[in-house]
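Protein chains in written order, with full-length UniProt numbering: chain A, 1 to 403; chain B, 1 to 529; chain C, 1 to 376. Beta carbons are placed, not taken as given, at the ideal position from N, Cα and C, and that holds for glycine. Quick notes on the structure that follows.
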Amino acid sequence: MSTLFKLFISLFICISLTGCWSSEELTEITLATGLAIDKDDEDGFKVTIQVVNPTEIAGDQISNRSSVVIYSATGKTIFEAIRKLTKASPRRVHLSHLQVVIFGEEFAREGIGETIDYLVRDHGFRTDFHMVIAKDTTGEELISVITPLEKIPAQRITASIQSSQNFWAPTKEVQLYELFESMTSTGKEAVMTGVYMVGDPEIGKTVQNVTQSDPPVKTRLNSIGIFNGDKLIGWLSEKESKGFNYITNNINNTVGWVECEDGGKISLETTNSDTKLKGSFVNGHPKITVETNITVNVGEISCSIDLSIPESIKEIEKKLEQKTVDLINSSVNAAKEFNSDIFGFGSVLRKSQPKQWEKIKGNWPEHFQQTEIKANVTIEINQSGSITTPIYDDVMEKTGSGG
Amino acid sequence: MAMKHRIRKKNNTKRIEIDNISSHFDVNLSNELEANKKEVFRLLGNSSDVETRAFQLGKIHPVNAAIIFLEGLIDKEIVQNYLLNPIINDLRGTNANEKIPDVQQLYQYIKNFNITTAELTEISNFKTLLQHLLAGDTILLIDGVNKGFAVGARGAKERGVEEPTTQRVVRGPKDAFTETISVNIALIRKRIKDPNLWLESFVYGTKTQTKVTIAYIHGIVNPGVVEEVKSRLDKMDIDAILESGYVEELIQDETYTPFPTMINSERPDAISAGLLEGKVAILVDGTPFVLLVPALFLDFFQSNEDYYQRSDISSLIRALRFIAFFLALLTPSTYIALTTFHQEMIPTTLLISLAAQREGIPFPAVVEALLMEVTFEILREAGIRLPSAVGSAISIVGALVLGQAAVDAGIVSATMVIVVSLTAISSFIFPSYNLAISVRMLRFPFMIMAATFGLFGIFIGLLILTLHLSSLRSFGIPYMSPFAPFISNDQKDAVFRAPRWKLRTRPRLINQRNTIREDSQRPMPDKKG
Amino acid sequence: MIEKIDGRQFTILVIMNTLGASIIFIPSIAASIGKENGWLTVIIATLSGLLIILLYNAIINQQMEKSIFSLIEETFGKWLGFMLIIFFNGYIYLNAVANVWSIGDFMSLQILMGTPEEAIELLIVITALIAVRYGMEVIGRTAEVFIPFTLFFALLVTILVMKDANIENIQPVFQLNRIGTFVGALPIIGITYLELFILLGMTHKVNRPKSAKRGLMLGGFISGGILSIITFACIMVLGVKATTHYTYPIYALGQRISIMDFFERIEILVAFIWFFTIFFKICISYYVLETGLNHLFKLKDNKTFSIPLALLLFFGATIMVPNTFNAYSFISGPYFVVSFVFAFILPVCILLASIARKKVKKMTKNGTEQSKNGSG
């Protein structure tokens, strides 16, 4: 079969003639882990990237040089700005390993629509990075802070968003496709977690920041920022953010507390929360029922209460139910104040009552204000830690008798 | 086409020459002993290992006789005790003419009453005389008779049956074929005591006169394949066959393929198993490697031990071999493709550590990979040629030391050393050495494809490879069966091996009749009480 | 030796032919027209596609183990037959070129950024050339090797992304946009089932006409099922907007795969599902095109045209399609008309003419017999 042989030869020639177009050696590229987009007064966009210094992170000899490097460039369009980065960086910047995209607050307030289009369209990106807003500061400053523990600051932000969402709840992991979906569809508005920093940004940029056990500059997660269309319009408080997560069924695990009769507190750990939204129309006005079923564990008791009595459990449940309803209501009120349907009530109505939705779809923001929201929360206390009667009583007894 | 024609023509002219020479040998023996002896010596160029012993038959009217043999090829004990001793002693005291009036009768007398060896052939011309002489027989010539005897008293030094050196098993028979075809046939016969095990022998090689025997089990084998084997063997026109590789290359289906289309094995149990599946074995004198056809791609992933171990273990090990096949073939190319084209596919932390390692390496990944692979191939080849005492040690130590030193010197990255070692180890897992060689060869085109088109290149390569594999046939049987064409019934013994009681039928394409192999039931312990 | 493929291989080629190209476009088309009912659109397309297959099966009945080209020639006579075969070949050529282009475009856009499209197209055409030179039997067997991987990866993608599925994305089921749900089926049929007409050019290679018909039906059904499942997964996971927006939604779906947070970013495997299917589709078109040309020029050796055709395919792919946006508007609009004319009206004509011709033949035969009887 000499034909095959000839074909192989010709294939080989083709290949050796054409060369390697799109190959890039690892030593020719640099990985960007964070991208900050800010407003620039002259050009419009200012883009800052955080690229890693691999030898500093995984090399044999670790010096005390910074593990990341910051480059920034400005441009009339975001694409131009990103391409301009090549001027600043000695190697080609690879954006496929981006962990986090940070928008400066000022920039976010003016609208991030173009940016999203670019991020979705460009093939150099992947869609699995997190998106946050730099509250009260610019993305550039936030991205420049060198953090301890995690050598790549961008990774720190991602990790803390994830762990915060998993164990505390007032934040929300937002990824590109979700943002894209909520920015384009009617009946749902976008949200994004905010991150702020404490301390002097200039110190944050230096390695000095990680040489101390208590770094002078820290980044902290804030609660959720509300969008209307592609513009940031305000911030929810921590409490409201939590309520938001209850409504959007975005709670994995969080901690809440209720007061006992004697003034002490019982901490309760939410282990499971399941919310169903039901839409209906009452007299032509939209109505949303929020059905939330929550399972909690008793985490800590600092008052005298006997959990073996069913009544006392009932009482705790009732108190927590009320508290959760309050959370939800405060969150809804805040959203109404900003007039932004971040919960996606509109799309709930669209799904359950498609015909009536078609009628009001045009001026949904107006109807959103008038939507009646009813929250039904059911709490179930699952198991009371490992002990039924609190240690608190014994401790009190002892100190009481001793004193 | 034109070129093929030319070659054919050339062959024809050559053949005529050879025929001339052999026709020269084709002369009948004369009546005179001395003339015959002289002629034999002349034909063999008075070679120093041709020896003769002249003696006389009878005392009174002695008849001259002589034996001719090649030093080293005969068993002198036998010649002395069962040839010379009876002839000389029996006729010593007698008048040969008295007892046997005629030389012709003397000849018959010796044949019937004197020579006591099992093998005895009458010869009447120089061609057969030389054939027997060169094969190690002792020639007895008597003056006045234009015929002679070739007495089978071969006793060349032979290697005994030893353990196989290339295809080792943990559990299984430990005997291996030797260089002697009769021993090899006996090793198969010992395993298959069936009258239907048929053998056919031919002699090929105008110079070497090598015996080639084909073996098959009548009634199981596909008669078409036997015919095909015979006709292909007949087309061979070669002066020498020193190893079964000569035969393999002359009768295989496709020359320009990296893949073997015939199995070779030095294990009698493997060959017997093949015969029982309906394959044809080709035994060649002078080599312990026996060929087995038709061969499927799958056969090179199967070891005999798969059938000696329990089915679950064998299935796992077989699956491992398939994984190793892809590892050996694709690891370096995938590494190149991922690190130079598809960095986004590597998890971030891993990519950062790879990047840190590659920092300061002067070569592009593909050059680095080619460099290391070639170095390794050299080491491996050197390891085989080195004296066995140091061979394996040198190759391992060489690889380690070279690898370590190269990494420390910053010439190659540590990951590359891991990649190359993984590839190397994986290619040792195959039970068949020839498949390992094809994988070694194919690795390099794949690396080039990967360096040019990334993973896309690798996939194109796999596509072409599969197309090629699907186009191959071994003695009429599609090489990729039972995968393509897919035969569901044969999947029981393909990637996995089903328990023995499920292996009821023989592979479908290899033999189309007598497919039922066994009818054992699933073993169930008797339930008692 | 006469090449023959068996029913199973033909079924696999039918699946490959239906999924090729379409698997990556369909979710987008379905979602853009059918919105949240896009998966229903695909199911509707599948059902109507099976009806079209019935039509093709009727033609296979007429073929009686001859190639479609002989049938056309016999039915329409030499000159009209010649013209129709040229038209048919033109359609196949267009199809093959579109497929070569789309794979080159996809690879150079999504996977090998920076590599010129032409290089990728050349590589594909060369590989297809090797395949066609080996013949249909080898192509069939190779498809048999690759189909398990293709189906396995398709299934794997669907299962692995299901953790991100959101049932709300497909609600309300069939409440809004009912007309769109049906209309959307048309372009889908255009790039899936109507293209199966090309396969009629190789049914004479299947060992039995019966298994060819069965293969067409079964293959059409299976691939319809796969397309429905994938569209369903795309809409469930990505949502209608994103599915519509992405040029290659199934690729975006692949980006969502994450096993143990380590095996991520394996969407390239998804790309190769598509690559394999489209490759076999190109091979089939190429092969049928070659068969058609051989028939036109009455050539026995079917290797003569392979190299010129390879060049034609390559240049066609590099010249004919200006850019991605054009191709899109073409697929969802005019292409359906082209497909409809060539792969629906033409077969209907062939079928009717062939039946009519046989009837006439029978009648004249009967007539002559009768007249014979009459005279006798």
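Going by Cα to Cα distance, which pick from the options is closest to residue i?
i: Ala319 (chain B); options: B:Pro332, B:Ser426, B:Ala66; result: B:Ser426
i: Glu337 (chain A); options: A:Thr275, A:Ile247, A:Asp117, A:Trp235; result: A:Trp235
i: Ser333 (chain B); options: B:Phe41, B:Gly45, B:Phe453; result: B:Phe453
i: Val221 (chain B); options: B:Ser432, B:Ala273, B:Ala382, B:Glu377; result: B:Ala273
i: Val203 (chain B); options: B:Leu503, B:Lys230, B:Leu275; result: B:Lys230
i: Asp299 (chain B); options: B:Tyr308, B:Asp312, B:Glu277; result: B:Glu277
i: Trp274 (chain C); options: C:Tyr134, C:Ala242, C:Ser102, C:Leu299; result: C:Ser102
i: Asn89 (chain B); options: B:Ala65, B:Phe69, B:Asn114; result: B:Asn114
i: Phe180 (chain A); options: A:Ile224, A:His130, A:Thr138, A:Phe167; result: A:His130
i: Ala143 (chain C); options: C:Lys210, C:Thr11, C:Leu176; result: C:Thr11
Going along chain A, which residues have a C-beta under 9 Å from residue i?
i: Leu238 (chain C); result: Tyr177, Glu181
i: Leu354 (chain B); result: Leu26, Pro54, Ala58
i: Arg265 (chain C); result: Ser96, Arg126, Asp128
Who are the neighbours of residue i on chain B, taking C-beta pairs under 9 Å?
i: Leu119 (chain A); result: Within chain B, no residue comes near Leu119 (chain A); the closest Cβ sits about 15 Å away, beyond 9 Å.
i: Ala131 (chain C); result: Leu463, Ile464, Leu467
i: Ser160 (chain A); result: Within 9 Å Cβ-Cβ: nothing; Ser160 (chain A) doesn't reach chain B, min ~17 Å.
i: Tyr134 (chain C); result: Leu467, His468, Ser470, Ser471
i: Leu31 (chain A); result: Gln343, Thr348, Leu351, Ile352, Ala355
Who are the near neighbours of residue i in its chain, counting only those whose CB is closer than 6 Å to its CB and skipping five residues on each side?
i: Pro260 (chain B); result: Asn434
i: Ala128 (chain C); result: Ile282, Cys283, Tyr286
i: Ala375 (chain A); result: Val290, Val325, Ile328
What does a CB cutoff of less than 8 Å around residue i pick up in its chain, not counting 5 residues either side in sequence?
i: Ile21 (chain B); result: With a pLDDT of only 47 at Ile21 (chain B), under the threshold of 50, the placement of this residue in the model should not be trusted, and no figure is reported.
i: Gly124 (chain A); result: His94, Leu95, Ser96
For residue i, which three-state DSSP category applies?
i: Asp175 (chain B); result: coil
i: His295 (chain C); result: helix
i: Ala165 (chain C); result: coil
i: Thr208 (chain B); result: coil
i: Met131 (chain A); result: strand
i: Lys279 (chain B); result: coil
i: Lys218 (chain A); result: strand
i: Met396 (chain A); result: helix
i: Thr115 (chain C); result: coil
i: Glu24 (chain A); result: coil
i: Glu373 (chain B); result: helix
i: residue 414 (chain A); result: Because chain A here runs from 1 to 403, residue 414 (chain A) falls outside it and cannot be looked at.
Establish whether the CB of residue i and some CB of chain E are separated by less than 7 Å.
i: Thr127 (chain A); result: Among the chains of the structure shown, chain E does not appear; the protein chains present are A, B and C.
Spatial neighbours of residue i within its chain, please: CB distance less than 7 Å, with the 5 preceding and 5 following residues excluded, ordered by chain position.
i: Leu221 (chain A); result: Ser160, Ile161, Ser164, Thr171, Thr193, Val195
i: residue 414 (chain C); result: Outside the displayed range of chain C (1 to 376) lies residue 414 (chain C), so it cannot be described from this structure.
i: Ala21 (chain C); result: Asn99, Ser102, Ile191, Ile278, Lys281
Please list, in chain order, the chain A residues whose beta carbon lies closer than 7 Å to that of residue i.
i: Phe259 (chain B); result: The premise fails here: Phe259 (chain B) is roughly 12 Å from chain A at the closest Cβ pair, so nothing lies under 7 Å.
Mind pulling the chain A residues with CB within less than 8 Å of residue i?
i: Lys241 (chain C); result: Phe180, Glu181, Thr184, Ser185
i: Ile361 (chain B); result: Thr27
i: Ala365 (chain B); result: Glu25, Leu26
Residues of chain C with CB closer than 9 Å to the CB of residue i, please, in chain order.
i: Phe326 (chain B); result: Under the 9 Å cutoff, chain C gives no residues; its nearest Cβ is about 12 Å from Phe326 (chain B).
Could you name the residues of chain B that residue i contacts, counting a contact when the two beta carbons are closer than 7 Å?
i: Ile284 (chain C); result: Within 7 Å Cβ-Cβ: nothing; Ile284 (chain C) doesn't reach chain B, min ~14 Å.
Just to make sure I have the definition right: I need the residues of chain B whose C-beta is within less than 8 Å of the C-beta of residue i. Which are they?
i: Leu112 (chain C); result: Phe341, Phe453, Gly454, Phe456
Name the chain C residues whose beta carbon is nearer than 7 Å to that of residue i?
i: Phe459 (chain B); result: Phe272, Phe275
In the region 323-354 of chain A, which residues sit with their C-beta less than 9 Å from some C-beta in chain C, listed in chain order? Listed by position along the chain: Gly344, Ser347, Val348, Arg350, Lys351, Ser352, Gln353, Pro354.
Looking at chain A, which residues of the region 153-176 of chain C have a Cβ within less than 8 Å of any of its Cβ atoms? Cβ contacts with chain A: Glu168, Gln171, Pro172, Gln175, Leu176.
Taking a cut of 9 Å between CB atoms, which residues from the region 338-350 of chain B lie near chain C? Answer set for the region 338-350 of chain B: Phe341, His342, Glu344, Met345, Ile346, Pro347, Leu350.
Please list the residues of the region 274-303 of chain B that have a C-beta atom closer than 8 Å to any C-beta atom in chain C, keeping them in chain order. Taking 8 Å as the Cβ-Cβ cut-off against chain C, none of the residues of the region 274-303 of chain B qualify.
Given a limit of 8 Å on CB to CB distance, which residues of the region 472-484 of chain B reach chain C? For the region 472-484 of chain B, the residues whose beta carbon sits under 8 Å from a beta carbon of chain C are, in order, Pro478, Met480, Phe483, Ala484.
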